[in-house]
Amino acid sequence: MQGHLVVNFPLKTTVWGRIAHERSCLYNEECYMMPYATYHPSSDAVTPNRLLEGLGIPRDPLGAHLWIVAGVAPGIIHRLAELMSADIGLICRLAGISRHTVARKLRIGAPLSISQGARVYGVVQALNAALSLNKNDTAKALSWLNRPAWGLGGVAPATLLNTPMGVQAVVNLVGRIQHGVCN
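Residue numbers (our numbering): 80 to 262.
#1: Is DSSP giving A165 helix, strand or coil here?
#2: Does Q257 come within less than 9 Å of chain D when only Cβ atoms are used?
#3: From the DSSP output, in three-state form, read off S103 for me.
#4: Please report how far the alpha carbon of M244 lies from the alpha carbon of G188, in whole angstroms.
#5: At a threshold of 8 Å, does T180 count as lining the ligand NAD (C-beta to nearest heavy atom)?
#6: Using the three-state DSSP reduction, which class does V234 fall into: helix, strand or coil?
#7: Do you know how far the Cα of R172 is from the Cα of N225?
#8: Looking at the structure shown, is A116 part of a helix, part of a strand, or coil, going by DSSP?
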């Protein structure tokens, strides 16, 4: 499976794990399962890194790190807004970057700071996941990000995108929804 990192280890604490464990033990099979925490968007998803490719962002973590550290051009926010058919202000809010900051950096030709570039990268990851969940419908994906999510404790996914762990929580939620694992 290209694009998947599968790490198997015994799990017997979750309800879904217990059911799978009991079923596999009935057949004297090895009782190993993959927890939902190892979900990674694959190349066979509905939107395989559509935004990353459209924006010229490397797909691998090291490449993305180097891209961020090298300095992200502020124009990426405009390109992202265009790809998502969204307002630039919305993308700025999702990334936690002032619209005036983006305009100033564009005017003087300065790149985004490393933390701003990392937040933009996180927003792109979350938007990719939301697009995958909503079959490439940008309006539905943006709407989904702004509605409270039961799997996130009633918080709207968009409010979590200003930290890497918040982005990971949103991407993991999408993976759980797509795989029917809700807890």
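Glycine is no exception: its CB is placed at the ideal position from the N, C-alpha and C atoms.
The structure displayed is predicted, hence computed values, not measured ones.
The relevant details are as follows:
#1: The residue you call residue 165 lines up with position 86 of the sequence shown. Of the three classes helix, strand and coil, the one that applies to A165 here is coil, per DSSP.
#2: This model lacks chain D altogether, as it is built from one protein chain only.
#3: Locating residue 103 in the sequence shown gives position 24, counting from the first residue. Only weak support exists for where S103 lies, its pLDDT of 38 falling under 50; the coordinates are left without a value.
#4: Sequence index remark: in the sequence shown, residue 244 carries index 165 (1-based). Sequence index remark: in the sequence shown, residue 188 carries index 109 (1-based). Their Cα atoms are separated by approximately 30 Å.
#5: As far as ligands go, the structure on display features none, and thus does not contain the ligand NAD.
#6: One-based indexing of the sequence shown puts residue 234 at position 155. Strand, per DSSP.
#7: Along the sequence shown, read from residue 1 onward, the residue named residue 225 stands at position 146. Along the sequence shown, read from residue 1 onward, the residue named residue 172 stands at position 93. Answer to the nearest angstrom: the Cα atoms are 12 Å apart.
#8: Indexing the sequence shown from 1 puts residue 116 at position 37. At A116 the pLDDT is 44, less than 50, meaning the model places this residue with poor confidence; the figure from the coordinates comes in the next sentence. Three-state DSSP puts A116 in a helix.
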